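A.B. asks: Okay, so the first sequence: first residue is 63 according to our numbering, each after it adds one. Cβ coordinates follow ideal geometry from the N, Cα and C atoms, glycine included. Because the structure is a prediction, the values reported are computed rather than measured. Pasting in a structure now, in structure tokens, and then I'll have a few things to ask.
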Amino acid sequence: MLDLKFIRENPDQVAQGLDAKGVSVDIQALLDLDLERRTLLKQGEELKAKRNSASEEIARLKKQGHSTDELIAEMKSASHKIADFDAKVGELSDKIERIALSIPNMPTSDVPVCKGALGNKVVRSWGQPRKLEFKAKDHLELASELGLFSMEKGSKITGAGFPVYFGAGAKLERALISFMIDIHVKKHGYTEVWAPAIVNRASMRGTGQIPKMEEDMYALAAGEGEEKGSFFLIPTAEVPITNLMRDETIEEKDLPVKYTGYTPCFRKEAGSYGKDTRGLSRVHQFDKVEMVKFVKPEGSEQELESLVRDAEEVLQALELPYRVVLLGSGDMSFAAAKCYDLEVWAPATQKWFEVSSCSIFTDFQARRMNIRYRNATSKKLEFVHTLNGSGLALARIVLCLLENFQDANGQIVFPKALQAYLA
RNA sequence: GGAGAGGUGGCAGAGCGGUUGAAUGCGGCAGUCUUGAAAACUGCUAAGCUCGCAAGGGCUUCGGGGGUUCGAAUCCCUCCCUCUCCGCCA
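What follows is the structure, encoded as structure tokens:
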């Protein structure tokens with residue numbers, strides 16, 4: 063969420079940012095409510111100040127044995143007025159918060175401003191998209207011939223979009239998870255986290271999935287007979303891992319804090335039926351290794367660059383040709399200020415697949431979650447900047463590995479780096 | 001699931017209707033002393049909102065929400081969490 067003061071002082075800039083993100087919010091209405099709230103707040107507080115001093119006065123008079131009836135009567139009516147002011151201010155605060163929470167983060171100045179995905183820009187690529195000299199099989203065909211995973215079995219036990227992995231396919235999942243985490247821990251200095259796959263509502267709000275994306279999450283009830291929406295299956299490890307720091311103050315000397323962790327991820331993907339849903343390309347449950355960083359605001363954009371490199375290194379180790387796409391303002395997520403997607407070419411499906419999304423949220427999430435650090439120079443508490451990126455998303459990586467590393471006999475010859483994990 | 005106990009400042013821990021934003025201790029910061037350091041002593045040490053050019057002022061906050069009262073950390077209700085014991089269980 064944005065700083066209300068910032069919105070108050072820079073309404074034009076906010077309007078521009080909203081426009082770039084393709085979101086429409088009535089800023090003027092927000093500012094009107096804000097002004098009204100502050101006016102009422104002041105009046106209410108003046109009354110409270112009066113009441114506080116009268117309280118002391120009453121205590122003093124009582125001690126001295128004087129009558130306090132008159133003052134008490136006066137304060138009784140003052141208290142009623144105060145309650146009215148508080149109710150009105152509370153109502154306005156709720157309205158303001160609702161609007162403020164629906165305002166997306168502002169894109170950084172170097173993000174191309176454009177509608178939808180039109181502003182996306184390939185900034186670099188690595189490796190040559192593979193051309194196979196034989197008739198390439200797509201990952202689904204390969205998987206069913208080799209018995210690596212089954213969409214049908216998943217449909218039976220759960221529903222469409224829940225793959226079940228068998229044998230070498232199951233082992234591949236396990237291997238990839240260990241392989242990726244090892245790289246981030248040993249080479250990139252992240253601390254491994256194993257976190258719950260269910261989080262509460264406050265956590266979902268903290269990272270920004272709620273309110274805007276609530277419909278895309280699997281909601282759970284707290285107990286029997288209770289309404290759904292107290293708990294959610296996580297759509298990404300970003301949610302539990304970032305929320306680890308909610309309402310906490312980090313020592314400046316401990317920054318940056320870098321976590322990596324594996325979790326299953328659950329997404330309803332409502333409204334995307336029939337679109338890129340073949341096999342593993344878009345599923346409701348998949349595995350992912352995530353990287354999360356908490357950093358100082360100064361130079362935080364460099365932290366995004368290094369985060370992307372950390373993810374790229376996994377792809378390079380897996381010998382998967384990829385390209386790095388800087389997302390335009392219209393294609394970025396709600397909370398992101400800048401975002402790179404990593405896309406891998408799948409030679410049989412003949413498509414680029416997004417296997418990682420690396421974003422910087424500046425202080426947007428930190429403000430929602432109240433994650434701060436004490437600036438050693440100013441001695442003040444300041445919001446940290448948060449970042450996260452997939453490192454990487456498994457289902458699509460499996461898809462790409464199968465299609466890229468198939469041979470003419472329909473066998474898979476996995477990249478060298480993975481061999482030890484598959485042995 | 002049952003029965004108890006408890007949630008107070010960075011931490012430990014008092015307070016149990018009226019100068020309590022909160023004793024005391026620890027920690028942290030600054031100073032005195034010292035060649036330097038330690039020890040000792042002295043002082044300072046919460047956050048958010050809001051008004052103000054500033055100096056500074058006001059309000060709020062003792063797990064969350066609600067209630068009683070002129071006034072609540074203190075009383076009542078409710079939810080959440082932690083601990084101990086019993087039961088159940090991977």
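To the nearest angstrom, how far is it from the Cα of alanine 257 to the Cα of tyrosine 324?
C.D. replies: If you number the first sequence from 1, residue 257 lands on position 195. If you number the first sequence from 1, residue 324 lands on position 262. So the alpha carbons of these two residues sit roughly 8 angstroms apart.
A.B. asks: Give the list of continuous alpha helix (DSSP H) stretches no shorter than 4 residues that lie fully inside the region 139 to 207.
C.D. replies: With a minimum length of 4 residues, no continuous alpha helix (DSSP H) run stays inside the region 139 to 207.
A.B. asks: Can you give, in chain order, each stretch of the beta strand (DSSP E) that sits fully within the region 244 to 317 and has at least 3 residues?
C.D. replies: Counting only runs of 3 or more, we get 253 to 255, 260 to 262, 281 to 283 and 290 to 295.
A.B. asks: With a threshold of 16 other CB atoms inside 10 Å of the CB of glycine 178, please say whether the residue is buried or exposed.
C.D. replies: Walking along the first sequence from the start, residue 178 turns up at place 116. Classification of glycine 178: exposed, given that the 10 Å Cβ count is below 16.
A.B. asks: With H, G and I counted as helix, E and B as strand and the rest as coil, what does DSSP make of threonine 101?
C.D. replies: As a first step, residue 101 must be located in the first sequence, where it is residue number 39. Residue state, collapsed to three classes: helix.
A.B. asks: If you check the beta carbons only, do aspartate 349 and alanine 455 fall under 9 angstroms apart?
C.D. replies: By one-based count along the first sequence, residue 349 stands at place 287. By one-based count along the first sequence, residue 455 stands at place 393. Yes, the pair counts as a contact, with Cβ atoms nearer than the cut-off.
A.B. asks: Put valine 351 into one of helix, strand or coil per three-state DSSP.
C.D. replies: Start at 1 with the first residue of the first sequence, and residue 351 comes out as number 289. It is a strand residue.
A.B. asks: Does proline 359 come out as helix, strand or coil in the three-state DSSP assignment?
C.D. replies: Within the first sequence, numbered from 1, the residue matching residue 359 stands at position 297. If DSSP states are grouped into helix, strand and coil, proline 359 belongs with coil.
A.B. asks: Hey, how far is the Cα of isoleucine 239 from the Cα of valine 376?
C.D. replies: Taking the first residue of the first sequence as position 1, residue 239 is located at position 177. Taking the first residue of the first sequence as position 1, residue 376 is located at position 314. The straight-line gap from Cα to Cα measures roughly 11 angstroms.
A.B. asks: Determine the DSSP secondary structure at phenylalanine 426, reduced to helix, strand or coil.
C.D. replies: The residue labelled residue 426 in the question sits at position 364 within the first sequence. Helix, per DSSP.
A.B. asks: By the DSSP assignment, the beta strand (DSSP E) with aspartate 403 in it spans what residues?
C.D. replies: Position 341 of the first sequence, counting from 1, holds the residue named residue 403. Run containing aspartate 403: 400 to 408, per the beta strand (DSSP E) assignment.
A.B. asks: Compare the beta carbon distance of leucine 154 and leucine 102 with 9 angstroms and say whether it is the shorter of the two.
C.D. replies: By one-based count along the first sequence, residue 154 stands at place 92. By one-based count along the first sequence, residue 102 stands at place 40. Taking 9 angstroms as the Cβ cut-off, leucine 154 and leucine 102 qualify as a contacting pair.
A.B. asks: Taking the alpha-carbon positions, what's the asparagine 305 to threonine 439 distance?
C.D. replies: Your numbering for residue 305 matches position 243 in the first sequence. Your numbering for residue 439 matches position 377 in the first sequence. If I take the Cα positions, the gap works out to 27 angstroms.
A.B. asks: When burial is assigned at 16 or more other CB atoms within 10 Å of the CB, is histidine 246 buried or exposed?
C.D. replies: Counted from its first residue, the first sequence places residue 246 at position 184. So histidine 246 counts as buried.
A.B. asks: Considering only the alpha carbon of each residue, which of Leu464, Pro297 and Gly270 lies closest to tyrosine 280?
C.D. replies: Locating residue 280 in the first sequence gives position 218, counting from the first residue. The shortest C-alpha separation from tyrosine 280 is found at Pro297.
A.B. asks: With a threshold of 8 angstroms, are at least 3 pairs of Cβ atoms found where one atom belongs to the region 358 to 371 and the other to the region 225 to 235?
C.D. replies: Output reads no: the region 225 to 235 does not touch the region 358 to 371.
A.B. asks: So for arginine 236, helix, strand or coil by DSSP?
C.D. replies: Mapped onto the first sequence, residue 236 falls at position 174. Of the three classes helix, strand and coil, the one that applies to arginine 236 here is helix, per DSSP.
A.B. asks: When DSSP builds the beta bridges, which residues end up paired with glutamine 90?
C.D. replies: As a position in the first sequence, residue 90 is number 28, starting the count at 1. DSSP lists no partner for glutamine 90.
A.B. asks: Specify the secondary structure class of alanine 485 as computed by DSSP and reduced to three states.
C.D. replies: Numbered from 1 along the first sequence, position 423 holds the residue referred to as residue 485. Coil at alanine 485, not helix or strand.
A.B. asks: Nearest to proline 166 by CA position, among Ala470, Ser117 and Lys83, is which residue?
C.D. replies: In the first sequence, residue 166 corresponds to position 104, counting from 1. Checking every option, the nearest Cα to that of proline 166 belongs to Lys83.
A.B. asks: Can you pull the DSSP bridge partners for serine 452?
C.D. replies: The count along the first sequence starts at 1 and reaches residue 452 at position 390. Paired residues: Glu352.
A.B. asks: For arginine 486, collect the residues of the same chain with a Cβ closer than 8 angstroms to its Cβ; drop the 5 residues on either side in sequence, then sort them by chain order.
C.D. replies: Here the chain comprises residues numbered 63 to 485, so residue 486 is not present and cannot be evaluated.
A.B. asks: If distances are taken between C-alpha atoms only, which option among Lys218, Arg385, Ser206 and Thr411 comes closest to lysine 197?
C.D. replies: Counting from one through the first sequence, the residue named residue 197 turns up at place 135. Comparing Cα positions, the closest option is Thr411.
A.B. asks: Is glycine 106 closer than 9 angstroms to aspartate 148 when the C-beta atoms are compared?
C.D. replies: By one-based count along the first sequence, residue 148 stands at place 86. By one-based count along the first sequence, residue 106 stands at place 44. Cβ atoms of aspartate 148 and glycine 106: closer than 9 angstroms.
A.B. asks: I'd like to confirm the pairing. Which residues does DSSP put opposite histidine 447 in its beta bridges?
C.D. replies: As a first step, residue 447 must be located in the first sequence, where it is residue number 385. In DSSP, histidine 447 forms a bridge with Val357.
A.B. asks: Figure out for me which residue from Leu204, Val76 and Gln75 has the closest Cα to the Cα of glycine 341.
C.D. replies: By one-based count along the first sequence, residue 341 stands at place 279. Of the listed residues, the one whose Cα sits closest to glycine 341 is Leu204.
A.B. asks: Would valine 354 pass as a contact of alanine 299 if the rule is Cβ separation under 9 angstroms?
C.D. replies: Taking the first residue of the first sequence as 1, we reach residue 354 at position 292. Taking the first residue of the first sequence as 1, we reach residue 299 at position 237. Against a cut-off of 9 angstroms, the Cβ pair of alanine 299 and valine 354 comes out as a contact.
A.B. asks: Cα-Cα, which of Ala284, Pro273, Ser265 and Asp338 is closest to aspartate 309?
C.D. replies: Position 247 of the first sequence holds residue 309. Comparing Cα-Cα distances from aspartate 309 to each of Ala284, Pro273, Ser265 and Asp338, the minimum goes to Ser265.
A.B. asks: Going by C-alpha to C-alpha distance, which of Arg192, Leu282 and Ile272 sits closest to glutamate 159?
C.D. replies: Taking the first residue of the first sequence as position 1, residue 159 is located at position 97. Among Arg192, Leu282 and Ile272, the Cα nearest to that of glutamate 159 belongs to Ile272.
A.B. asks: Am I right that glycine 291 and arginine 430 are in contact with their C-beta atoms under 8 angstroms? What's the rounded C-beta distance?
C.D. replies: Working through the first sequence from its first residue, we reach residue 291 at position 229. Working through the first sequence from its first residue, we reach residue 430 at position 368. With 8 angstroms as the limit, glycine 291 and arginine 430 do not qualify as a contact, their Cβ atoms being about 18 angstroms apart.
A.B. asks: Under 8 angstroms Cβ to Cβ from glutamate 313, same chain only, skipping five residues before and after it: list those, please.
C.D. replies: Position 251 of the first sequence, counting from 1, holds the residue named residue 313. Closer than 8 angstroms at the Cβ level, and outside the excluded window around glutamate 313, lie Tyr435 and Arg436.
A.B. asks: Pick out whichever of Phe423, Arg99 and Ser164 has its Cα sitting closest to the Cα of serine 86.
C.D. replies: Against the first sequence, residue 86 aligns to sequence position 24. That would be Ser164, whose Cα lies nearest to the Cα of serine 86.
A.B. asks: Could you check if histidine 128 is buried or exposed, using at least 16 other CB atoms within 10 Å of its CB as the buried criterion?
C.D. replies: Reading the first sequence from its first residue, position 66 is the one you call residue 128. Result: exposed.
A.B. asks: With DSSP as the reference, please indicate the residues paired to threonine 439 in a beta bridge.
C.D. replies: By 1-based counting over the first sequence, the position of residue 439 is 377. Per DSSP, none; premise fails for threonine 439.
A.B. asks: Is the region 213 to 227 touching the region 417 to 426, taking contact as three or more C-beta pairs under 8 angstroms?
C.D. replies: Result no; under three Cβ-Cβ pairs closer than 8 angstroms.
A.B. asks: Can you check whether the CB of histidine 201 is closer than 9 angstroms to the CB of alanine 408?
C.D. replies: In the first sequence, residue 408 corresponds to position 346, counting from 1. In the first sequence, residue 201 corresponds to position 139, counting from 1. Closer than 9 angstroms, so yes.
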